[in-house]
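Numbering (the working numbering), first residue to last: 1 to 289.
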Ligand SMILES: C[S@@+](CC[C@H](N)C(=O)[O-])C[C@H]1O[C@@H](n2cnc3c(N)ncnc32)[C@H](O)[C@@H]1O
């Protein structure tokens, strides 16, 4: 997913001093600190420009009404990480074309899909029209949801928003604000361990070349110095602190294994690395009450 994959296109460019990368092409890739607003602006612009390509590249896996958590093929229809959502109010953040939400419609959930990118939501509207399964869509930054307090039972995202937000604690706190007491927050992200490795699904992706403890953001800057793409890292410890610090009780950290029968790569995910290293982390948490 590059979704999943975040950092999927990362290895095209690079910092000459960074052994994770090749030589720079059109943009400069490096690790640096960026402001939260720069990160969100870059995410919106990048996903607007790349929504169609992303949807086309992953159409076979994402489907039009399928809830896939990660490139390892974990499907909500099998794992039920959201629990029983029949009759529940469910919010998706970083929904992309809202394939997950569209699948949830068939479970009896009342779903709202949100994303910061207008182009992603246009792809979602197109799938709504083509499938006849209509998911309500709202353009929103996951850090500032246009919803009242305590109005939904479940919030989730599959690789949406979090990898592209510099101040991820803000997202966890915002999700806690809109959830009712006892509500559930489930999300998948690139496994934090991957930060130490090149974004390559093959053998080069097995040699650690960057500090797992470097919290500076991965950025790509254009020829004019403008930040055009960012991804952000939280260690497992940071992530647990962020979630618990927002008021959640942690229920599970799921580390999907690469299935024996899956032989294709997806961005930095694939069978070579999947046999040895985790690629995805799925976090399941709930609010007390
Ligand atoms: C890798 S795609 C995942 C989309 C979808 N969940 C899927 O599985 O195909 C990441 C999505 O996060 C969205 N996104 C990035 N930053 C965001 C933010 N601050 N708030 C909401 N969505 C954001 C992007 O627009 C994009 O649609």
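We put the beta carbon where it would ideally sit given N, CA and C, even for glycine.
| Query | Result |
| --- | --- |
| Count the other CB atoms within 10 Å of the CB of residue 218; is the residue buried (16 or more) or exposed (fewer)? | buried |
| Straight-line CA distance for residue 305 to residue 231? | The chain is shown only over 1 to 289; residue 305 falls outside these bounds and no answer can be derived. |
| Looking only at its own chain, which residues have a Cβ that is under 6 Å from the Cβ of residue 112, when we skip the five neighbours before and after it? | 91, 136 |
| So residue 61 packs on residue 119, CB below 8 Å; how close in whole Å? | The pair is not a contact, with the Cβ atoms about 19 Å apart (cut-off 8 Å). |
| Using only the alpha-carbon positions, how far apart do residue 242 and residue 235 sit? | 10 Å |
| With residue 286 as the anchor, note down where its beta strand (DSSP E) starts and where it stops. | 280-286 |
| Please state the DSSP three-state secondary structure of residue 119. | helix |
| So, using beta-carbon positions, are residue 27 and residue 222 closer together than 9 Å? | yes |
| Does the beta-carbon distance from residue 142 to residue 161 come in below 9 Å? | yes |
| Decide if residue 154 is buried, meaning its Cβ has at least 16 other Cβ atoms within 10 Å, or exposed. | buried |
| Does DSSP put residue 114 in a helix, in a strand, or in coil? | strand |
| Taking C-beta to C-beta, are residue 63 and residue 99 nearer than 9 Å? | yes |
| Between residue 101 and the rest of its own chain, which residues show a CB-CB distance below 7 Å, the 5 nearest in sequence each way excluded? | 92, 95, 111, 113, 135 |
| Kindly indicate which three-state DSSP category residue 209 falls into: helix, strand or coil? | coil |
| Rounded to a whole number of angstroms, what is the C-alpha to C-alpha distance between residue 174 and residue 29? | 30 Å |
| Have a look at residue 115 and residue 103 and give me their C-alpha separation to the nearest angstrom. | 17 Å |
| Helix, strand or coil for residue 189 per DSSP? | strand |
| Tell me whether residue 23 sits in a helix, a strand or coil according to DSSP, three-state version. | Confidence at residue 23 is low in this model, with a pLDDT of 40, below 50, so the placement of that residue should be treated as unreliable; the coordinate-derived value is given next. Residue 23: coil per DSSP, three-state reduction. |
| Does DSSP classify residue 69 as helix, strand or coil? | coil |
| Taking 9 Å as the threshold (C-beta atoms), are residue 288 and residue 247 in contact? | yes |
| Which two residues bound the contiguous alpha helix (DSSP H) that contains residue 104? | 99-105 |
| Nearest by alpha-carbon distance to residue 40: which of 281, 251, 228, 285 is it? | 228 |
| Quick one: what's got a C-beta closer than 8 Å to residue 85's C-beta in the same chain, skipping five residues either side? | 104, 107, 108, 109, 153, 154 |
| Any beta carbon of chain D sitting closer than 9 Å to that of residue 241? | Protein chain content of the structure displayed is limited to a single chain, and chain D is not contained in it. |
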